[in-house]
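Working notes, structure below.
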Ligand code: F6R
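In our numbering, the protein residues as written are 101 to 356.
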């Protein structure tokens, strides 16, 4: 696990975008794993600038979103389908048919989740973009999620519903369930780039990087992944033991 700490959210966005662009440069038909939420927006914006300048072409790339609320119409402005279309597919000029989002409105949610898992397994994910919840969740794998989980329907924790209430008229309107890629699904990605910004994430980041492997902090499972980079601003890195360094490589520190 590599941890990169940068002074500003803009630099974090640029650094995360550079990780993604490097993968696409090597493989123009790369498969991207896509997170919604605030954390990756700077990276998506930085990628969009590269696309506009003609430096990056994502027209052959494809993507799989991490998660989707259960029960929202895909056209609902709060659905992750809509968010991904607006923040990723359109600005990055990806082919709409090549960017998939779990179906949270399917009549048979379990079957739809299984089919989504199979599609991811068949195509593989070259680079997975992640945010992290204040409770350590990745995707909607809440504390207590087993490390081997696959795409499935989950119940959202109270904390996650409160955190996401900002997008809805009231807490009662926040869906109670979601379809999410599992931790086992995420771990199959070849590379992972996790973005965390702000003091609110500092404790989750500490637990993910320096805590024990524990289902209490689902993101701690990333310690077992061979090619994960965390790109953090200083506030999100503030509780790490050796925060303040521009960049450090825990793997090599451990070997030293
Ligand atoms: C989003 C997702 C979530 C978010 C996390 C952080 O698709 O799966 O795990 O990454 O809740 O959200 P933000 O970035 O809004 O703080």
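Positions of the beta carbon are idealized from the N, C-alpha and C atoms, including for glycine.
Give me whichever residues DSSP pairs with residue 163 in a beta bridge. 132 and 199
Between residue 238 and ligand 1, is the CB less than 7 Å from at least one heavy atom? yes
Outcome for residue 203 when other beta-carbon atoms lying within 10 angstroms are tallied against a minimum of 16: buried
Please state whether DSSP places residue 232 in a helix, a strand or coil. coil
In angstroms with no decimal places, state the Cα-to-Cα distance between residue 352 and residue 271. Because the pLDDT of residue 352 is 40, which lies under 50, any placement of that residue in the model is unreliable, and the question is left without a value.
Would you kindly report the start and end of the unbroken beta strand (DSSP E) that includes residue 252? 252-255
Ligand 1: which residues have Cβ under 5 Å from any of its heavy atoms, chain order? 135, 136, 137, 138, 139, 166, 167, 231, 233 and 239
Please confirm whether residue 106 and residue 331 have their CB atoms less than 8 Å apart. yes
How close, in whole Å, do the beta carbons of residue 121 and residue 192 come, if the pair is a contact with beta carbons under 8 Å? Contact doesn't hold; Cβ gap of about 11 Å is too wide.
How big is the Cα-Cα spacing for residue 161 and residue 238? 23 Å
So what's residue 294 in DSSP terms, helix, strand or just coil? strand
DSSP has residue 328 in a bridge; who is on the other side? 292
From 117, 102 and 232, pick the residue whose C-alpha is nearest to that of residue 138; which is it? 232
Spell out a yes or no on whether the segment 199-219 and the segment 303-320 are touching, meaning 3 or more CB-CB pairs, one atom from each, closer than 8 Å. no
So, with DSSP's three-state summary, where would you put residue 106? strand
In the DSSP assignment, find the unbroken alpha helix (DSSP H) run with residue 260 in it and report its ends. 258-264
With residue 280 as the anchor, note down where its beta strand (DSSP E) starts and where it stops. 277-280
Just the C-alpha distance for residue 126 and residue 286, rounded to the nearest angstrom, thanks. 21 Å
Does the contact criterion of 3 or more C-beta pairs under 8 Å hold for the segment 248-265 versus the segment 148-158? no
Spatial neighbours of residue 176 within its chain, please: CB distance less than 8 Å, with the 5 preceding and 5 following residues excluded, ordered by chain position. 182
Beta-carbon separation (whole angstroms), residue 336 vs residue 297, contact threshold 8 Å: 6 Å
Host alpha helix (DSSP H) of residue 223 (start-end): 209-223
Based on Cα-Cα distance, which residue from 109, 195, 188 and 131 lies nearest to residue 289? 131
For residue 261 and residue 284, what's the separation of their Cα atoms in angstroms? 23 Å
Buried or exposed: residue 150, going by 16 or more other Cβ atoms within 10 Å of its Cβ? buried
Would you check if the distance between the CB atom of residue 134 and the CB atom of residue 163 is smaller than 8 Å? yes
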